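Reviewing the structure listed below.
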Amino acid sequence: MADVINTEGSLSVESLFVDGDTRTFTLKNPTANITTEQINNLNTYIQQNNLLIGDKWGGNFGRITKVTKIATITRALDFTG
Amino acid sequence: MAKSDLKIKATSPQGKSITTSVTYVNPEATNDQLATLGTMVNALTDNRYDSSTKVTTVEVDVESDKPKPTLQFWKTDKTAQISEMSKQTSGQIIQDMLSIKYNGDGQIFYGFEGINNYMYPISERDNNNFAIQVITIAQNTPAGTDVVFTIKSAETANYQAAEAQLTVHITA
Chain Y
577 MADVINTEGS LSVESLFVDG DTRTFTLKNP TANITTEQIN NLNTYIQQNN
627 LLIGDKWGGN FGRITKVTKI ATITRALDFT G
Chain B
979 MAKSDLKIKA TSPQGKSITT SVTYVNPEAT NDQLATLGTM VNALTDNRYD
1029 SSTKVTTVEV DVESDKPKPT LQFWKTDKTA QISEMSKQTS GQIIQDMLSI
1079 KYNGDGQIFY GFEGINNYMY PISERDNNNF AIQVITIAQN TPAGTDVVFT
1129 IKSAETANYQ AAEAQLTVHI TA
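Chain order of the listed sequences is Y and B.
Here this note's numbering = 1-based position in the first sequence + 576.
Here this note's numbering = 1-based position in the second sequence + 978.
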């Protein structure tokens, strides 16, 4: 059996909350052409509707600070034969 | 505060499912709001299961260039560093007065990280110095314990968020 290489993509969305903490959620399988406008629109919608809250008192959502697309490559090595 | 996760499930024409999760969602969000949020999030992902999809690494950085404010614990006109408090103080709790120096314009929270993670908002303000009973420790705190106090200031239109810590060593 030959080595198997698997590539997975994820999108890390890092946000700053009012309590000063940074919280991150990760989306699987991001699309290739994500624009700043898409992120800004998402940020605005979350802010205007208070859709994300932190897990401490006063932890209201502040803004998205960083969005990173990550490619994770795993390689399963074949030691047979 | 309670929070919940929004799970967005997509099924490909091949019948394979991919679930995307958005955490820290406000449990009071309406179904319409969640549907819109889900649609916006879906637009950032490929909901097709395709082994030939190539992924590149791209960063979209929207970091702020606002200044970081001064945020410090102060005692007797100087920056408070590691302090010691004796358990000999009478009463149920040990108290000491410290000031916080802050030149920003946002909300400040302080808390006792290590004992609990509850952050209290500070409302008093006098010429950018806040006088508060910040050191309040239960009398039964074991001697030798290091209690870490944290202050955090919120980000505002003019300043970044900031954080400072003070360690208080409880002596016998």
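Where is the CB? At the ideal position from N, CA and C, for every residue including glycine.
Note that this is a predicted model, so its numbers are computed, not measured.
Check	Outcome
Interface flag, T650/Y vs chain B, CB-CB below 8 Å	no
Closest Cα partner of V1126/B within the set V1003/B, G1084/B, T1145/B, T1014/B	T1145/B
Straight-line gap, T1123/B to I1078/B (C-alpha atoms, nearest Å)	23 Å
Whole-angstrom distance between F1051/B and K642/Y, CA atom to CA atom	30 Å
Backbone secondary structure at Q1011/B - three-state DSSP	helix
CA nearest to the CA of S591/Y, picked from T607/Y, G635/Y, I646/Y	G635/Y
For F637/Y, the nearest candidate out of F593/Y, N605/Y, T650/Y, I615/Y (CA to CA)	F593/Y
Proximal chain Y residues relative to D1024/B, where beta-carbon distance stays under 9 Å	G585, N605, P606, T607, A608
Contact check, P534/Y vs L627/Y, beta carbons under 8 Å	This structure cannot settle anything about residue 534/Y, because the visible part of chain Y is limited to 577 through 657.
Expected contact under 8 Å - CB spacing of Y1002/B and F601/Y to nearest Å	7 Å
D1010/B burial status per 10 Å Cβ neighbour count (16 or more: buried)	exposed
Nearest-angstrom Cα separation, counted from L1012/B out to I1086/B	31 Å
Residue interval of the alpha helix (DSSP H) (run including E613/Y)	612–625
Proximity of S1131/B and G1089/B at Cβ, strictly below 8 Å	no
Within 9 Å of chain C by C-beta, residues of the stretch 1000–1014 of chain B in sequence order	Among the protein chains of the structure shown, namely Y and B, there is no chain C.
V1040/B in three-state terms, based on DSSP	With a pLDDT of only 36 at V1040/B, under the threshold of 50, the placement of this residue in the model should not be trusted; the figure read from the coordinates follows. If DSSP states are grouped into helix, strand and coil, V1040/B belongs with coil.
Option in Y1080/B, A1142/B, H1147/B, A1007/B with minimal Cα separation from I629/Y	A1007/B
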